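What follows is a single structure, written as structure tokens, with notes after it.
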Amino acid sequence: MVRVPKRLRLVGYRLLQAIPVLIGIVVVSFLLTRALPGDPAVYFAGPAASAESIEQIRVSMGLDRSLPVQFLAYVGDLLRGELGQSISTGQPVLTELTRRLPASLELTGFALLFSIAVAMPLGILAATRPNSWIDHLCRFVVTAGVSLPTFFTGLALVYLFYFLLGWSPAPMGRLDILYLSPPHVTGFYVIDALIDADFETARAALAQLILPAVTLGLFTLAPIARMTRAAMLQVLEGDFIRTARAAGLSSNKVLYSYALRNAILPVITTLGMVFSFALGANVLVEKVFAWPGIGSYAVEALVVSDYAAVQGFVLSMALLFVILNLLIDVTYTLVDPRLGMED
Amino acid sequence: MSIPLLDIKALTVEFGTRRGVVDAVRQVSVTVAKGETVGIVGESGSGKSVTSYAVMRILDRAGRIAGGSIVFGGINVGKADERTMRDLRGREMSMIFQNPRAALNPIRSVGRQIEDVLIEHSLATRADAREKAIDVLKAVRINDPESRYHAYPFELSGGMCQRVVIAVALACRPRLLIADEPTTGLDVTTQKAVMDLIRELTAERNMSTLLITHDLGLAAAYCDRIVVMEKGRVVEEADTATLFANPRHPYTRRLLQATPRLDSKVADLLPEEDSRRRTPSTRPPGETLLQIQDLVKVFPGKDKGDEYRAVDGLSFEVRSGESLGLVGESGCGKSTTSSMIMRLLDPTSGHILFNGEDIGAVPGKRFAGHSARASLQMVFQDPTDSLNPRWSARRSISDPLMRLASVGGSALRAKVEAVAEMVGLPDHLLDRFPHQLSGGQKARVGIARAIALEPKLLILDEPTAALDVSVQAVVLNLLVELRERLGMSYLFISHDLNVVRLLCERVLVMKAGRIVEQGSAEHLLDRPEHPYTRELLAAIPHPPSSPPRVSSESEDSVIAARWP
């Protein structure tokens, strides 16, 4: 195929485009944390500290130096893979992030899987039968999902499934204390347990995961279902669908091979946006379910002006967004042959 | 007579709309015999496409066959279940459409799309589908079918795409082909190639064809029998020669008259009693208004080698009060030329002298404030897309007046109404939005907007290409009238020599960015010298002869044909 090198070039080009974005993120995250109100030296020294000891701490943390010098030191640390120490927990930021990020990713990933599994079929059904009962049902579910705040849905689900029915385990973190966490491979408990062939632990981890994932998933139903419906409706109007029907192709072929593959393009874009959005916005869900994720970590760090932790959080999120967008772009170029043309 | 392959009897199709049920097709009866080519001719809204969709049973959700019967090869299509229909579609009867590029799946290679049909109808297996698809591509005369198999629609030209659509339709060797405006939007030479291909393939396979078109000339050239439809009804049906020699229904006569022939004048397109008929004056043109000198536009390519010379050393002039035609096929650089004259594009080199001033030297971005801007106006090809959908007709016409002449208040209102009256747009339509206006009315808004500032030069870029012939006849006469009244010059850009000739004294024929031939319109038509001009002329399908009441020769030939 002649097309492959062209696409590879396109992917490479997109990768290169990510570099200035990353540099910008490093600068902005640094400046933003410095612009935060509050003085970490005061916090770290404690309430009884004298002005002298605060000053001493300030010097030891390097906060007395000018901003450019601080920035250079920060970049130097970054290049050595050093994200600094969190002043509130005393742990290296990198260790905390590698522990907490998979928890958040696991939660968001499962939430999105649930969301896709519900929203896409709903959207397709609604588009093929506009103004039928299924269309109205779709609209209702979607509106309800997006208009109920996540902490409310979360609490309602806990009340129903844990307190009343007793079907789900206590909403206390990623794994019941009766179980040992599986050996670390990916950081996703369910997957790690399955790799370890420890099905009991996998089941327990999954049981912990379901309620928070559904809570978050309900919230992200709306954009996915709406976009699927709108994209399908638009594609189904298209001339090439009429051609396919006139050529006698079966309705399944027309719907899935012809319509859905074209409609999936805007849905992929929406998925990417929803994922990044959900990853940052799941703080409330993490709080309700005592989930040791990255969101709650960041909020706590922010409150005490824990520079290293906040910078680490912003940086890792930004990196994640860039990777995600890259993935979407690459998927797009694979699905849509027309993209190879623009250079 | 034997049983016809397709027998439509008293067909009525209803559409449920927000304002109640509308009959799109009423009591329509058409038959197509084996091997016969029947044309359904009519203007937009005549129900010709709806009839064909009903035959295929691919009507929109809102549409419903409300009465009558459609029998195809002994099967009652109106009553058949969906499974039977799916077997019929594509295998026994298939359809090709207008706008071939949109009619193909944009993200599936054309070879795969042909395979889909072959596999669906069990004429190929996964193992031999590719080979068979390439055979089908070969049958529609696509060069290098092995590599075209992998092409996506966006990589092919419009004519190529239509060949692929034909390939999809004919892959299973159906008995009936329905062609719905198969060549609208294609160049005349491509149109001829596509139509000849359809005729050749259907004759070779003894297929029947139902050709749906608004173009009487096209129907005349390719059909054995013609059915004329108006507003959902069949008004006349006759074999081709009879219809042209002796049209009985007034609508057929009007349609025939509005179709430009080789020898018709612009006034001939409208009935004799019509007050809108105009004859261009024969006044000699005045001094030079626009002078183009050695104009070049180069579009840079990806690499140094593949830059594209869209316009390549063009020189011509337009005198005041003159109409100049610029004719060529898509890609010949005629639209690039008009964009450069309107200063929407900056030329690579060369001069554009307007009233002696080189406006080509003014950067396109700054031209809006230039004093010559108001004297140069343009009417665009698509009357719908060239109007802002959220502006009323009044707002659209006011826009240039407000921006370039700073007219406001009651003076603006009076001016807009005066201009609207000049183009024949009734006052009550002025507050409507584009979607509430018909094609002809939108064309009038576009013209009114362009002449509101009384420009010296009006560039007309295919102004009637999207209009029905009867509307085109009115608009062309209107343009003649406006030119006389306002003393404008026209630069008329079109791919259709036949229409250009009606309005222009002088015609330039363009190919690949250069002028290949120029001269008076009559001279070009009668004695074309360049082979390309001849090819263009030969490709235009014409109704068989001059208007029937003038020519007696054609009647004789028809009589001779009927009673040999």
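Heads up: the protein sequence lines correspond to chains R and G, in order.
For any residue, its number in the working numbering is found by taking its place in the first sequence, counting from 1, and adding 1329.
For any residue, its number in the working numbering is found by taking its place in the second sequence, counting from 1, and adding 172.
Here a beta-carbon is modelled for each residue, glycine too, at the ideal position from N, C-alpha and C.
Predicted, not measured: the structure shown is a model, and the values here were computed from it.
Which listed residue (the options) has its alpha carbon closest to that of residue i
i                : options                            : result
G1413 of chain R : R:R1667, R:A1637, R:P1666          : R:A1637
Q1531 of chain R : R:D1521, R:L1547, R:I1539          : A small fix is needed here, since residue 1531 of chain R is Ala in this sequence, not Gln. Closest option to A1531 of chain R, Cα to Cα, is R:D1521.
R1667 of chain R : G:L548, G:L328, G:T361             : G:L328
K220 of chain G  : G:E459, G:L276, G:D352             : G:D352
G1577 of chain R : G:A615, G:D259, G:R420             : G:D259
S740 of chain G  : G:R449, G:F244, G:S319             : One cannot answer for residue 740 of chain G here, as it falls past the ends of chain G, which runs 173 to 736.
E1425 of chain R : R:A1630, R:L1486, R:F1400, R:L1649 : R:A1630
L496 of chain G  : G:A226, G:L669, G:K181             : G:L669
L383 of chain G  : G:I370, G:R377, G:E376             : G:I370
R263 of chain G  : G:G330, G:D446, G:A182, G:I350     : G:I350
G330 of chain G  : G:G357, G:A439, G:C344             : G:G357
G239 of chain G  : G:S216, G:D232, G:P278, G:F187     : G:F187
V688 of chain G  : G:L309, G:R673, G:A252, G:D484     : G:D484
G628 of chain G  : G:E445, G:S547, G:F488             : It is Lys, not Gly, that sits at residue 628 of chain G in the sequence shown. It is G:S547 whose Cα lies nearest to the Cα of K628 of chain G.
Same chain, Cβ closer than 7 Å to residue i, neighbours up to 5 away in sequence not counted
i               : result
V730 of chain G : Since pLDDT at V730 of chain G reaches only 39, below the 50 mark, its modelled position is unreliable, and the value read off the structure follows with that caveat. Closer than 7 Å at the Cβ level, and outside the excluded window around V730 of chain G, lie A413, T414, A417.
E677 of chain G : E494, S495, S692, A693
Any chain G beta carbon closer than 9 Å to residue i
i                : result
L1589 of chain R : no
G1567 of chain R : yes
M1330 of chain R : Low per-residue confidence applies at M1330 of chain R: pLDDT is 42, beneath 50, and the placement is therefore not dependable, though the value from the model is reported in the following sentence. Answer yes: the Cβ-Cβ gap between M1330 of chain R and chain G drops below 9 Å somewhere.
L1454 of chain R : no
P1666 of chain R : yes
A1637 of chain R : no
T1660 of chain R : no
L1578 of chain R : yes
R1338 of chain R : no
DSSP three-state assignment for residue i, whether helix, strand or coil
i                : result
E656 of chain G  : helix
L645 of chain G  : The sequence shown places Ala at residue 645 of chain G, not Leu. Looking at A645 of chain G - three-state DSSP - the assignment turns out to be helix.
Q553 of chain G  : coil
E409 of chain G  : strand
G240 of chain G  : strand
A638 of chain G  : coil
T355 of chain G  : coil
P1421 of chain R : strand
I247 of chain G  : strand
T508 of chain G  : helix
D1658 of chain R : helix
S661 of chain G  : strand
G473 of chain G  : coil
I1416 of chain R : coil
K537 of chain G  : helix
K437 of chain G  : coil
R1574 of chain R : helix
G207 of chain G  : coil
Within-9 Å CB hit, residue i to chain R
i               : result
A711 of chain G : no
L260 of chain G : yes
I324 of chain G : A small correction: the amino acid at residue 324 of chain G is Tyr; Ile does not occupy that position in the sequence shown. Interface residue, yes.
I230 of chain G : yes
R449 of chain G : no
Paired residues, beta bridge with residue i - DSSP
i                : result
H523 of chain G  : G:Q465
R491 of chain G  : G:T460
S447 of chain G  : For S447 of chain G, which the question treats as bridged, DSSP gives no partner whatsoever.
V399 of chain G  : G:I212, G:E409
S329 of chain G  : According to DSSP, S329 of chain G bridges with nothing at all.
T189 of chain G  : G:G192
F1492 of chain R : F1492 of chain R pairs with nothing; no bridge assigned.
M267 of chain G  : G:I350
V197 of chain G  : G:V185
L629 of chain G  : G:L548, G:S661
Q1563 of chain R : Answer is none; Q1563 of chain R lacks a bridge partner.
D530 of chain G  : G:L525
6 Å Cβ shell around residue i - same chain, five flanking residues per side excluded
i                : result
F1642 of chain R : A1627
H421 of chain G  : V407, E408
F1439 of chain R : L1538, A1542
R1387 of chain R : A1370, D1393
I268 of chain G  : V337, I338, A341, A351, P354
Beta-carbon contacts of residue i that lie in its chain and below 8 Å, excluding the five residues immediately before and after
i               : result
V366 of chain G : G331, Q334, R335, I338, P354, T355, L358
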